[in-house]
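Chemist: My questions will all concern the structure given below.
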Amino acid sequence: MRRLLLALPFALLPLAVAHAHDDDHDHDHAHGTLGAHEHGVAKLNAVLDGNTLELELDSPAMNLVGFEHAASSDADKAKVAAVRQQLEQPLKLFGLPAAAGCKEDQQELESPLFGDAPKADDEGDEHEHGHQHSDIGAHYQLTCANPDNLAQLDLAPLFKAFPATQKINVQLIGPNGQKGVETTPAKAAVAF
Ligand SMILES: [Zn+2]
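If you count by mature numbering (1 follows the signal peptide of the UniProt record, and there is no 0), then the sequence shown holds residues -20 to -1, 1 to 172, one letter each, in order.
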C-alpha cells in the first residue's frame, strides 16, 4: 500500500499529535498530558491538498466499541466487527458536500482490538486504575474531483454513529491555512 502523506504537515502544528504517523510507534502514550487518551474525546486530522483529502481519526476504542479489552466473547467480537464495518465506509461517517465529488482511494484501520499486535512498549500499559487502554486509528485518503466545492467537513454522521463520542478535536489544513477546531454533536461542522 502506498504510504499516506499526512505525517509531514502535522509535524509542524503546535498542537500536533504526540506521535508522528509512524508504523513503529503510533500509539499515543501522552497519558496525563495534552493529547492524552480521554474517553469521549477523539482526534481528527484533516488535510486538503489539491484534490487529495486525508482524514486521520484517532479515538479511544471506548468511544466506538464501548470497551477496550481484546474481544473474547462472541458478543464482543460481533461488536468489534460491526464497528470495523462502519469505519470501512468513511463517506458515511464524514459528511462532505456531494458537489465536491470525493471518492475514497485507500484506508488503513488499526487497533489492538482488530488483532493488530500491540507494540512492544504497550504491554502492561495500565493506568493507576488498572484499566488497560486501547485506541482505534482510521486513516483515509480521498480524491475530490471538485475540491473548490469542499466548503466543510460535517462530523454529525460520525457523532451519530458513535454516540459515546462527545468531542472531536479537529486539526485541519486547507486552502485557507490551518486551524484547530473543537467539534461536538451540537457543533459538528468544520469549514475548510
Ligand atoms: Zn481508555
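Glycine is no exception: its CB is placed at the ideal position from the N, C-alpha and C atoms.
1) Is DSSP giving His109 helix, strand or coil here?
2) Within 10 angstroms of the Cβ of Ser53, are there 16 or more other Cβ atoms? Answer buried if so, exposed if not.
3) So, are the CB atoms of Gly20 and Asn43 less than 8 Å apart?
4) Verify whether the separation of the beta carbon atoms of Glu84 and Leu135 is less than 8 Å.
5) Quick check for students: name the residue ranges of the beta strand (DSSP E) that lie wholly in the stretch 54 to 99, counting only runs of 3 or more.
6) Near Ser39, which residues of its chain fall below 6 Å by C-beta distance, leaving aside the five closest residues on each side in sequence?
7) In angstroms, rounded to a whole number, what distance separates the CA positions of Asn25 and Ala50?
8) Are the beta-carbon atoms of Arg64 and Leu37 separated by less than 8 Å?
9) Does Glu48 pass the burial test, meaning 16 or more other C-beta atoms within 10 Å, or should it be called exposed?
Modeler: Short version:
1) Locating residue 109 in the sequence shown gives position 129, where the first residue counts as 1. Bear in mind that a pLDDT of 49 at His109, under 50, signals an unreliable position, so the number given afterwards is only what the model happens to contain. Residue state, collapsed to three classes: coil.
2) As a working note, residue 53 is residue 73 in the sequence shown. With fewer than 16 other Cβ atoms within 10 Å, it is exposed.
3) For the purposes of this step, residue 20 is taken as the residue at position 40 of the sequence shown. For the purposes of this step, residue 43 is taken as the residue at position 63 of the sequence shown. It is a contact, given that the beta carbons lie within the stated cut-off.
4) Within the sequence shown, residue 84 is the residue found at index 104, counting from 1. Within the sequence shown, residue 135 is the residue found at index 155, counting from 1. No, the Cβ-Cβ distance between Glu84 and Leu135 is not below 8 Å.
5) 82 to 90
6) The residue you call residue 39 lines up with position 59 of the sequence shown. Taken in chain order, the residues that qualify are Ala22, Ile116.
7) Residue numbering aside, residue 25 sits at position 45 when the sequence shown is read from its first letter. Residue numbering aside, residue 50 sits at position 70 when the sequence shown is read from its first letter. Rounded to the nearest angstrom, the two C-alpha atoms are 26 Å apart.
8) Position 84 of the sequence shown, counting from 1, holds the residue named residue 64. Position 57 of the sequence shown, counting from 1, holds the residue named residue 37. Cβ atoms of Arg64 and Leu37: not closer than 8 Å.
9) In the sequence shown, counting from the first residue as 1, residue 48 sits at position 68. Buried is the call here.
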